[in-house]
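2 protein chains.
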Amino acid sequence: MRRTKEDAAKTREEVLTAAAEIFYENGVSGSSLEKIAKRAGVTRGAIYWHFKDKAEVLTALHSEIRLPQEAIVDYAIEHGHDDPLGLIEQGAIEVLQILAEDEHQQRVFAIMILGCEFTEHLTDAAQRIVTANDEMFGKLQKLIEMAHERNTLGPLWTVDAAARGIQCSMNGLLAEWLRSGKSFPLVDVGERLIRGLVGSMRCGDSR
Amino acid sequence: MRRTKEDAAKTREEVLTAAAEIFYENGVSGSSLEKIAKRAGVTRGAIYWHFKDKAEVLTALHSEIRLPQEAIVDYAIEHGHDDPLGLIEQGAIEVLQILAEDEHQQRVFAIMILGCEFTEHLTDAAQRIVTANDEMFGKLQKLIEMAHERNTLGPLWTVDAAARGIQCSMNGLLAEWLRSGKSFPLVDVGERLIRGLVGSMRCGDSR
DNA sequence: ATACAAACATACATGAATGATTGTAAATAT
DNA sequence: ATATTTACAATCATTCATGTATGTTTGTAT
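Written out as structure tokens, the structure reads:
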């Protein structure tokens with residue numbers, strides 16, 4: 001029964017893959033470790049060997065992927081700061097294109113925002129999303145602050161409102177897309193949405 | 001112990017209020033009927049008298065409030081169709097102002113979109129939200145179609161993309177606001193967001 | 001006044017999920 | 001070659017929520 005280290009790592013991965021599927025199908029609280037184990041072709045014992053409990057399985061899934069929020073801003077930072085608003089626009093579109101192709105990321109992301117319960121006293125899993133969102137907001141703020149300093153931010157917008165607006169629209173877009181079962185073209189809608197929004201933030205285009 | 005009809009209706013309301021609180025604090029699946037009963041000052045027996053099970057409590061909560069999506073479109077329909085885009089703008093802002101004042105609606109709405117799990121095979125509770133969203137999308141489509149026929153829809157947008165864009169942005173705005181613990185001014189951000197978006201949809205303002 | 005039904009409370013049975021414990025075969029270290 | 005640890009499987013006890021069944025009190029109709 002005892003396997004080599006590579007085998008162990010493989011079963012660990014298989015458990016995570018199975019967990020992503022089961023979580024996606026039944027929601028986190030609706031998924032028992034028994035179901036996950038059965039799907040992965042092991043027993044609960046194997047899961048308890050690799051992970052402390054269900055929460056740790058979720059955490060492991062989360063740490064596997066990068067949130068779109070993080071990716072958008074990283075793109076902007078990576079590509080210089082000549083035109084902050086343009087960078088946000090480009091970054092967002094890039095991220096959407098990548099995410100639209102990656103089914104595993106879609107599943108995990110769906111679990112994070114749809115199959116997980118955000119309550120008043122947050123679970124640590126939900127807390128990570130909140131934290132990532134906050135960080136992303138902070139970075140967005142800085143980028144838009146730069147646009148503001150260069151007088152390229154239209155009169156309709158404040159720095160904070162602009163950052164929130166982008167954050168809300170992007171998260172809402174992804175949430176709706178996943179919730180609707182990907183019933184509309186993500187990149188097409190997203191591109192128009194982000195162009196329209198950022199366009200309205202540019203000086204002279206405000207109204 | 002037996003109370004009059006008014007007393008019964010009162011306990012029913014108290015159960016629903018307690019349920020909203022408990023669901024909001026612990027999430028739907030994390031809430032037992034025992035907790036709800038204790039909070040309401042009754043026993044589980046009382047809950048089972050008024051409702052079939054936990055799902056029916058949730059359904060009762062849902063049917064109490066109107067989704068913002070529904071309210072926005074109804075506003076537009078109610079106020080004539082001279083300027084469809086303007087009506088959407090006004091309607092959205094109206095709805096935000098009302099929702100920002102009503103704590104109970106906020107709680108129930110938070111339960112619906114954050115404290116509930118959207119899975120692959122949806123629960124009937126989640127299904128209702130999806131359906132309501134779809135209906136709202138259809139109506140939004142019609143409104144924007146009218147704008148399109150009057151040639152007031154900018155070249156950046158298609159009818160479908162515009163409807164999706166508004167839907168995603170509004171839902172995302174509310175979700176972020178609630179998820180962040182109402183950490184930013186909803187009406188202020190929302191007003192700029194919807195003005196910016198709708199502004200970009202108007203002819204001549206597209207880019 | 002009596003009979004019945006409404007509006008609950010109380011008690012119990014059931015099942016599911018969890019966490020812990022124990023068993024064990026194979027890999028690895030010595 | 002032996003000891004030890006790894007990587008699980010199998011079993012078990014406990015908790016916890018649910019659903020149901022039954023009991024009890026009080027309105028209300030006749």
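Residue numbers (the UniProt record's numbering), protein chains in the order written: chain A, 1 to 207; chain B, 1 to 207.
Don't be surprised by glycine CBs; every beta carbon is placed ideally from N, CA and C.
Thinking C-alpha only, which one of the options is nearest residue i?
| i | options | result |
| --- | --- | --- |
| Gly199/B | Ala40/B, Gly154/B and Ser169/B | Gly154/B |
| Ile139/A | Ile88/A, Val189/A, Ser180/A and His104/A | Note on identity: in this sequence residue 139/A is Lys, with Ile being the wrong assignment. Lys139/A has its Cα closest to that of Ile88/A, out of Ile88/A, Val189/A, Ser180/A and His104/A. |
| Ile72/B | Asn151/B, Lys182/B, Gln141/B and Thr59/B | Gln141/B |
| Gly181/A | Cys116/B, Trp157/B, Leu122/B and Tyr24/B | Leu122/B |
| Asp74/A | Ile22/A, Ser32/A, Val95/A and Leu186/A | Val95/A |
| Ile194/A | His148/A, Cys116/A and Gln90/A | Gln90/A |
| Leu186/A | Val42/B, Phe23/B, Asp83/B and Arg164/B | Arg164/B |
| Glu120/A | Met170/B, Arg179/B and Arg202/B | Arg179/B |
| Trp177/A | Leu99/A, Pro84/A, Leu143/A and Arg150/A | Leu99/A |
Given that residue i touches chain B, what residues does it touch there, using C-beta distances under 8 Å?
| i | result |
| --- | --- |
| Met201/A | Gly196 |
| residue 208/A | Chain A is shown only over 1 to 207; residue 208/A falls outside these bounds and no answer can be derived. |
| Leu87/A | Under the 8 Å cutoff, chain B gives no residues; its nearest Cβ is about 17 Å from Leu87/A. |
| Glu25/A | Thr119, Glu120 and His121 |
| Phe184/A | Asp160 and Arg164 |
Going by DSSP in three states, residue i sits in which element: helix, strand or coil?
| i | result |
| --- | --- |
| Arg207/B | Low confidence applies here, because Arg207/B scores a pLDDT of 37, under 50, leaving its location unreliable; read the following figure in that light. Coil at Arg207/B, not helix or strand. |
| Arg3/B | coil |
| Phe23/B | helix |
| Arg164/A | helix |
| Ile113/A | helix |
| Ile72/A | helix |
| Gly86/A | helix |
| Val95/B | helix |
| Leu122/B | coil |
| Ile47/B | helix |
| Ser29/A | coil |
| Ser180/B | coil |
| Arg192/A | helix |
| Gly41/B | coil |
| Lys52/B | coil |
| Arg12/A | helix |
| Asp134/B | helix |
| Ile65/B | coil |
| Thr59/A | helix |
Could you tell me which residues DSSP puts in a beta bridge with residue i?
| i | result |
| --- | --- |
| Arg202/B | Leu153/B |
Since residue i meets chain B, which of its residues come closer than 7 Å, beta carbon to beta carbon?
| i | result |
| --- | --- |
| Asp188/A | Ala161 |
For residue i, go through chain B and note every residue whose CB falls closer than 9 Å to its CB, in chain order.
| i | result |
| --- | --- |
| Gly138/A | Chain B residues near Gly138/A: none, gap ~13 Å exceeds 9 Å. |
| Gly172/A | Gln167, Cys168, Ser169, Met170, Asn171, Gly172, Leu173, Leu174, Ala175 and Glu176 |
Residues of chain A with a CB under 7 Å from the CB of residue i: which are they?
| i | result |
| --- | --- |
| Val95/B | Neighbours of Val95/B on chain A: none; closest Cβ ~15 Å, over 7 Å. |
| Arg192/B | Leu156, Trp157, Ala161 and Gly165 |
Along chain A, which residues have their Cβ under 8 Å away from the Cβ of residue i?
| i | result |
| --- | --- |
| Phe109/B | In chain order: nothing, as chain A lies at least about 12 Å away. |
| Val28/B | Glu117 |
| Arg179/B | Phe118, Val130 and Asn133 |
Residues of chain A with CB closer than 9 Å to the CB of residue i, please, in chain order.
| i | result |
| --- | --- |
| Leu153/B | The contacting residues do not exist; Leu153/B stays about 11 Å from chain A at best. |
Between the segment 102 to 114 of chain A and the segment 9 to 27 of chain B, can you find at least three pairs of beta-carbon atoms closer than 8 Å? no
Does the contact criterion of 3 or more C-beta pairs under 8 Å hold for the segment 49 to 58 of chain A versus the segment 51 to 68 of chain B? no
Across the segment 76 to 86 of chain A and the segment 22 to 39 of chain A, are there enough close Cβ pairs to call them in contact, namely three or more that are closer than 8 Å? no
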